[in-house]
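Chains as they are written, first to last, in this note's numbering: chain D, 1 to 797; chain G, 1 to 357.
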Amino acid sequence: MKFTLSWLKDHLETQASLDEITYVLTDLGLEVEGVDNPAAKLAAFTIGKIIQVEKHPDADKLRVCQVETASGVTQIICGAPNAREGITVVVAPPGVYVPGIDTTIGVGKIRGIESYGMMCSEREMELSDEHDGIIELESGEVGQSYAEWLAQNDLERVDPVIEIAITPNRPDALGVRGIARDLAARGLGKLKDRDVAPVPTSFTSDFAVLIDEDTLDGCPIFCGRVIRGVKNDPSPDWLQQALRAIGLRPISFLVDVTNFFTMDRNRPLHVFDADKLSGNLRVHRAQGGEEIAALDEKTYQFSGGQMVISDDTGAQSIAGIMGGADTGCTDDTVNVFVESAYWNPVQIAYAGRALQINSDARYRFERGVDPAFTLEGLEHAVRMIVDHAGGEASQIIQAGAVPNTERAFKLDVERVKSLVGMDIPERMQRSTLTDLGFRLEGDMAHVPSWRPDVMGEADLVEEVARMASLTKLVGKPLARVDLGVPKPMLSLSQTREQTARRMIAALGYNECVTYSFIDRKSADMFGGGADATMLSNPISSEMSHMRPSLLPGLLQAAARNQARGISDMALFEVGPVWHGGEPEDQETLACGILVGHTGPKDVHGTRRAVDIYDAKADVEAVLQALGAPAKVQFQRGLSEWWHPGRSARMALGKTSLAGFGEIHPKVLAALDLKGPVVAFAVHTKNVPVPKSKSATRPALNISDLQVVERDFAFVVDQSVEAITLVNAAKGADKVLIDEVRVFDEFSGGSLAPGLKSLAVTVRLQPKGATLKDADIEAVAEKIVAKVTKATGGSLRG
Amino acid sequence: MDDLREKYLTLISAAADEAALEELRVKAVGKKGEISLHMRSLGKMLPEERQIAGPALNALKDEVNLALNARKSAMADAALEERLKSEWLDVTLPGRQRLAGTIHPISQVWEEVTAIFADMGFSVAEGPQIETDWYNFDALNMPGHHPARAEMDTFYTHRAGGDDRPPHVLRTHTSPVQIRSMEKTGAPMRVICPGRVYRADYDQTHTPMFHQVEGLALDTNISMANLKWCLEEFVKAFFEVDDVELRFRASHFPFTEPSAEVDIRCSWTDGQLKVGEGDDWLEILGSGMVHPKVLAAGGIDAAKYQGFAFGMGIDRIAMLKYGIPDLRAFFDSDLRWLRHYGFAALDKPGLVSGLSR
Numbered sequence: 001m002k003f004t005l006s007w008l009k010d011h012l013e014t015q016a017s018l019d020e021i022t023y024v025l026t027d028l029g030l031e032v033e034g035v036d037n038p039a040a041k042l043a044a045f046t047i048g049k050i051i052q053v054e055k056h057p058d059a060d061k062l063r064v065c066q067v068e069t070a071s072g073v074t075q076i077i078c079g080a081p082n083a084r085e086g087i088t089v090v091v092a093p094p095g096v097y098v099p100g101i102d103t104t105i106g107v108g109k110i111r112g113i114e115s116y117g118m119m120c121s122e123r124e125m126e127l128s129d130e131h132d133g134i135i136e137l138e139s140g141e142v143g144q145s146y147a148e149w150l151a152q153n154d155l156e157r158v159d160p161v162i163e164i165a166i167t168p169n170r171p172d173a174l175g176v177r178g179i180a181r182d183l184a185a186r187g188l189g190k191l192k193d194r195d196v197a198p199v200p201t202s203f204t205s206d207f208a209v210l211i212d213e214d215t216l217d218g219c220p221i222f223c224g225r226v227i228r229g230v231k232n233d234p235s236p237d238w239l240q241q242a243l244r245a246i247g248l249r250p251i252s253f254l255v256d257v258t259n260f261f262t263m264d265r266n267r268p269l270h271v272f273d274a275d276k277l278s279g280n281l282r283v284h285r286a287q288g289g290e291e292i293a294a295l296d297e298k299t300y301q302f303s304g305g306q307m308v309i310s311d312d313t314g315a316q317s318i319a320g321i322m323g324g325a326d327t328g329c330t331d332d333t334v335n336v337f338v339e340s341a342y343w344n345p346v347q348i349a350y351a352g353r354a355l356q357i358n359s360d361a362r363y364r365f366e367r368g369v370d371p372a373f374t375l376e377g378l379e380h381a382v383r384m385i386v387d388h389a390g391g392e393a394s395q396i397i398q399a400g401a402v403p404n405t406e407r408a409f410k411l412d413v414e415r416v417k418s419l420v421g422m423d424i425p426e427r428m429q430r431s432t433l434t435d436l437g438f439r440l441e442g443d444m445a446h447v448p449s450w451r452p453d454v455m456g457e458a459d460l461v462e463e464v465a466r467m468a469s470l471t472k473l474v475g476k477p478l479a480r481v482d483l484g485v486p487k488p489m490l491s492l493s494q495t496r497e498q499t500a501r502r503m504i505a506a507l508g509y510n511e512c513v514t515y516s517f518i519d520r521k522s523a524d525m526f527g528g529g530a531d532a533t534m535l536s537n538p539i540s541s542e543m544s545h546m547r548p549s550l551l552p553g554l555l556q557a558a559a560r561n562q563a564r565g566i567s568d569m570a571l572f573e574v575g576p577v578w579h580g581g582e583p584e585d586q587e588t589l590a591c592g593i594l595v596g597h598t599g600p601k602d603v604h605g606t607r608r609a610v611d612i613y614d615a616k617a618d619v620e621a622v623l624q625a626l627g628a629p630a631k632v633q634f635q636r637g638l639s640e641w642w643h644p645g646r647s648a649r650m651a652l653g654k655t656s657l658a659g660f661g662e663i664h665p666k667v668l669a670a671l672d673l674k675g676p677v678v679a680f681a682v683h684t685k686n687v688p689v690p691k692s693k694s695a696t697r698p699a700l701n702i703s704d705l706q707v708v709e710r711d712f713a714f715v716v717d718q719s720v721e722a723i724t725l726v727n728a729a730k731g732a733d734k735v736l737i738d739e740v741r742v743f744d745e746f747s748g749g750s751l752a753p754g755l756k757s758l759a760v761t762v763r764l765q766p767k768g769a770t771l772k773d774a775d776i777e778a779v780a781e782k783i784v785a786k787v788t789k790a791t792g793g794s795l796r797g
Numbered sequence: 001m002d003d004l005r006e007k008y009l010t011l012i013s014a015a016a017d018e019a020a021l022e023e024l025r026v027k028a029v030g031k032k033g034e035i036s037l038h039m040r041s042l043g044k045m046l047p048e049e050r051q052i053a054g055p056a057l058n059a060l061k062d063e064v065n066l067a068l069n070a071r072k073s074a075m076a077d078a079a080l081e082e083r084l085k086s087e088w089l090d091v092t093l094p095g096r097q098r099l100a101g102t103i104h105p106i107s108q109v110w111e112e113v114t115a116i117f118a119d120m121g122f123s124v125a126e127g128p129q130i131e132t133d134w135y136n137f138d139a140l141n142m143p144g145h146h147p148a149r150a151e152m153d154t155f156y157t158h159r160a161g162g163d164d165r166p167p168h169v170l171r172t173h174t175s176p177v178q179i180r181s182m183e184k185t186g187a188p189m190r191v192i193c194p195g196r197v198y199r200a201d202y203d204q205t206h207t208p209m210f211h212q213v214e215g216l217a218l219d220t221n222i223s224m225a226n227l228k229w230c231l232e233e234f235v236k237a238f239f240e241v242d243d244v245e246l247r248f249r250a251s252h253f254p255f256t257e258p259s260a261e262v263d264i265r266c267s268w269t270d271g272q273l274k275v276g277e278g279d280d281w282l283e284i285l286g287s288g289m290v291h292p293k294v295l296a297a298g299g300i301d302a303a304k305y306q307g308f309a310f311g312m313g314i315d316r317i318a319m320l321k322y323g324i325p326d327l328r329a330f331f332d333s334d335l336r337w338l339r340h341y342g343f344a345a346l347d348k349p350g351l352v353s354g355l356s357r
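Structure, rendered in structure tokens:
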């Protein structure tokens with residue numbers, strides 16, 4: 001909402017400065033978004049008077065003037081033809097920036113004679129293109145600020161334009177008068193009386209308006225007056241200037257009048273060319289399918305139930321939203337019907353949204369105009385039209401009646417204290433509300449018709465606090481819930497996510513936050529892409545589906561980094577994924593990827609391509625940090641975006657804790673990523689909760705007896721998994737065997753094709769007595785027997 | 001006996017290597033060594049003689065042994081020194097590489113905010129990001145026709161044909177979590193709701209996804225003055241300054257009444273923000289007293305309980321605190337950015353050790 005200071009002063013009698021006004025507007029909740037003050041750049045220009053003029057000895061066109069200025073009599077060299085004794089001028093003293101010539105005035109010699117400033121033309125101050133000579137003022141005191149003189153004598157030249165943001169609850173502030181009312185209630189001035197005398201009825205028109213019974217809830221009142229014999233010339237200067245100042249283009253007087261009252265009073269109006277209407281006007285609900293060519297030169301089709309204004313030939317206006325092109329005013333219009341109506345905000349909101357029309361009328365009606373002002377607004381407009389464009393007005397033609405919005409709420413003066421925490425005397429609370437237009441009867445406050453937002457006691461508190469200024473609010477400590485040391489506040493799942501995040505970062509991964517929505521192709525590739533997870537209004541096709549996995553976002557991020565010249569990296573994200581389109585279909589995962597090599601080439605020769613054992617070590621570290629049991633099952637057959645032979649799920653029975661492996665080469669190709677890429681994903685919520693709540697650890701049982709380690713190498717089939725061998729070996733003596741560790745895998749060489757050698761170290765920890773050779777031999781035999789049986793292999797000779 | 005002593009000490013100090021030393025040891029104090037033989041002869045002496053010669057011989061033996069050991073370790077030292085001379089390494093070569101991971105600023109600030117509010121008794125609630133329009137709008141006093149709905153640039157999800165429910169939305173704020181929390185715990189309560197939110201907007205300063213933290217405190221006697229104190233404490237703690245001035249400006253949100261926008265006093269010098277000083281005001285959050293209709297929607301008795309709510313952008317306060325210029329870069333995963341603006345894994349913010357280093 002834009003308005004000029006002079007427009008505001010049409011409604012508000014005030015001595016307040018522009019700065020005071022803008023500060024208070026923002027404080028009141030009418031947030032100032034910008035002020036364009038032409039006077040600001042004129043602040044340093046002051047008024048002076050030429051007392052003596054002599055010709056410059058060395059230049060025919062220059063004059064040496066003695067000028068009385070704010071700082072005494074000053075010598076200024078001037079080339080203007082009108083520079084002469086006795087005139088009042090505008091002076092830019094040294095040091096002042098003159099915008100029209102983009103120069104800061106200095107003290108200098110002009111053809112050998114010193115000059116201490118400049119006398120300005122309008123163009124030099126960017127006030128107009130006038131440059132025939134320096135400004136001659138009709139009044140003004142020496143030393144007075146020129147901006148101040150302009151504000152007093154020629155405000156329109158320096159009229160500040162103020163732009164404020166209006167929150168949806170304040171339709172009344174969509175009119176300048178509403179803004180003035182708020183300022184007056186704050187004590188910044190007095191609201192001026194702006195009533196007009198209605199234009200007397202000159203003739204009785206037989207034109208009629210009608211509201212269908214089923215439309216009365218959407219249009220309680222529809223009224224107007226016919227005016228005969230108007231002359232639709234361009235608007236008078238003041239009106240054109242007022243509209244231009246706030247960014248509206250003057251069109252013709254009749255149209256400009258409607259725009260004026262829209263801005264002045266938040267009262268949208270419509271003027272029909274009466275000669276283009278056939279028969280009477282009827283407000284009714286559309287059957288559906290009717291079409292109308294609207295004022296924006298587009299054609300709209302109504303849906304059943306939307307409100308229409310029709311004449312005998314069909315739809316002539318989209319009720320409360322936009323008029324029709326066929327019956328609008330033109331320069332040749334002579335006879336008009338000026339319409340003023342009240343439309344139900346909810347119905348206008350839905351119709352406007354469905355028709356996708358963003359008009360000023362819709363904007364205002366859907367927020368709520370003052371229903372009680374329907375007739376008064378009409379009288380204001382008719383008065384202005386007849387006064388400026390001539391013509392004679394009919395009686396008021398009306399259907400329906402002003403809807404009753406009467407309601408009152410109890411003013412509980414203690415409530416301001418208890419809800420806001422401010423001490424405001426009762427007398428002040430009451431006067432504030434009265435100034436805002438509330439009518440107080442006892443402790444009941446009757447709400448003014450222009451405030452549809454006030455719907456309860458809390459709203460009265462808000463008005464009182466707002467007017468008293470929330471700036472004055474003083475903070476008051478919030479008592480602790482429990483005295484003493486605060487309890488932990490995070491849930492188990494929150495703690496886990498943070499633990500996973502910091503563990504993964506500690507392992508060397510860089511945390512990313514990628515978008516929750518990805519493109520359909522990527523979603524499809526990772527098991528998502530279902531319509532239920534699709535946005536109906538994505539901002540781009542790259543962000544159309546909720547992600548089914550964190551991998552596509554991370555892989556795309558890796559590809560972007562590779563395009564920037566970084567080939568190796570470790571990225572991770574902890575965040576939500578979606579398995580469907582319902583609120584409960586969301587799961588938080590922790591996912592990491594390792595791309596390319598372990599690092600750049602280095603002197604120690606440690607660089608190598610990443611492989612699944614890197615990912616495995618990392619995922620195991622994360623699971624351990626989350627408190628998962630050490631022993632989990634490794635299940636093959638992960639989803640198709642993993643390498644089929646190089647990936648596994650880590651599970652406890654049917655509960656999947658994590659997955660890890662190499663990303664399928666086809667996926668990498670599709671995402672234009674140079675591999676290899678290994679990854680892991682952890683279902684943080686699936687890690688079982690520890691059974692014991694106690695912080696106590698089980699007792700530590702250490703044996704002082706000598707540990708014995710023995711190595712075994714077995715030749716087994718290539719397909720035998722190490723874990724089978726390890727488990728078999730461990731099973732040989734569950735008491736004595738402390739650990740079985742694979743330390744070598746080997747194939748080729750002397751081994752037949754299809755076979756491999758797996759070597760393990762078995763660590764024996766005696767508990768009762770030191771081991772003798774015979775004991776060790778006995779265990780070794782059992783280990784060989786168990787492993788041979790479990791793997792079908794043999795001890796390597 | 002002095003001759004003996006002189007002889008062996010000279011020989012020991014002249015010994016060339018360990019083998020020569022061993023030979024000397026055998027010769028002097030070995031089983032059949034010269035000194036040992038002398039000691040054997042003690043038995044044949046007179047008691048008076050023995051009383052003099054015995055201790056003298058023992059002392060000689062000890063002295064020779066000491067000399068042998070000293071010479072031996074001197075030799076070892078010399079040998080080690082010789083070896084170390086050849087074991088020079090270039091200490092300027094790089095160490096074995098180790099990846100340095102980072103925490104994203106959003107996660108870091110999330111934990112900072114959580115630490116501060118947890119100390120003031122707020123627990124942390126999260127909720128679904130695909131929401132029903134009831135939780136996202138209606139329950140928050142924004143019925144279907146409300147203009148604020150249109151202003152929020154809401155993302156809607158697809159509805160299959162035949163499913164007549166209103167489409168779900170991507171939550172436009174974390175306020176639905178407030179409603180869910182009210183339903184779950186009832187009043188009195190204190191909770192903050194951090195998380196991802198979505199609005200269909202993408203330009204220099206907007207991304208279609210960003211992060212918010214909202215707070216809610218309900219009790220029988222909580223006022224807007226408590227809200228102001230709570231936010232003052234938060235701003236001081238978060239920006240790590242001793243004092244800061246907050247300015248409440250009247251505003252409007254459908255879910256609070258009265259409502260206020262909150263500005264903090266600050267200065268901008270060369271693009272650097274300083275909180276708590278200067279003549280500028282920076283809008284950082286929206287807040288107010290929870291609207292009775294919202295309380296009712298959450299199943300709270302609005303006649304008995306009242307309280308405040310506030311909301312601010314996590315990304316925004318992260319940008320302000322850490323001087324990060326561009327919001328869009330938060331979600332671009334440029335490794336150079338992640339390394340520059342990220343935090344070490346061990347930099348876990350807490351009130352005891354401080355929020356930032």
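We put the CB at the ideal spot given by N, CA and C, even for glycine. The model shown is predicted, which means the values in this text are computed figures rather than measured ones.
- Interface residue (Cβ-Cβ distance to chain G less than 7 Å): cysteine 78(D) is not classified as such.
- In the structure shown, tyrosine 613(D) falls within a helical segment according to DSSP collapsed to helix, strand and coil.
- Three or more beta-carbon pairs separated by less than 8 Å link the segment 330–338 of chain D to the segment 262–280 of chain D, which places the two stretches in contact.
- Residues are counted here when their Cβ sits less than 9 Å from a Cβ of chain D; for the segment 119–131 of chain G these are Asp119, Met120, Gly121, Phe122, Ser123, Val124, Ala125, Glu126, Gly127, Pro128, Gln129, Ile130 and Glu131, given in chain order.
- Of all residues in the segment 447–468 of chain D, those with a C-beta nearer than 7 Å to a C-beta of chain G are Gly456, Ala458, Asp459, Val461, Glu462, Ala465 and Arg466, reading in chain order.
- Looking at the DSSP output, arginine 439(D) bridges to His446(D).
- Judged by beta-carbon spacing, isoleucine 593(D) lies within the 7 Å limit of valine 677(D), meaning their Cβ atoms are closer than that value.
- Residue contact check for methionine 319(G) against chain D: no CB pair falls below 7 Å.
- Using a Cβ distance threshold of 7 Å, glycine 101(G) and glycine 508(D) count as a contacting pair.
- Among the CB atoms of chain G, one or more fall inside 7 Å of the CB of serine 516(D).
- Closest in alpha carbon position to glutamate 376(D), among Leu673(D), Ser647(D) and Phe222(D), is Phe222(D).
- Nearest CB-CB separation between leucine 285(G) and chain D: not below the 7 Å threshold.
- Secondary structure of serine 541(D) (DSSP, three-state): helix.
- Distances from the alpha-carbon of proline 766(D) to those of Phe712(D), Asp775(D) and Thr514(D) put Asp775(D) closest.
- For glycine 400(D), the uninterrupted beta strand (DSSP E) run begins and ends at 397–400, by DSSP.
- Interface flag for methionine 489(D) against chain G is set, since a Cβ pair is found closer than 7 Å.
- Non-local beta-carbon contacts of lysine 109(D) in its own chain, meaning distances under 6 Å to residues more than five positions away in sequence, are absent.
- Interface criterion met: the Cβ of isoleucine 106(G) is under 7 Å from a Cβ in chain D.
- Rounded to whole angstroms, the gap between the alpha carbons of glycine 605(D) and valine 595(D) is 18 Å.
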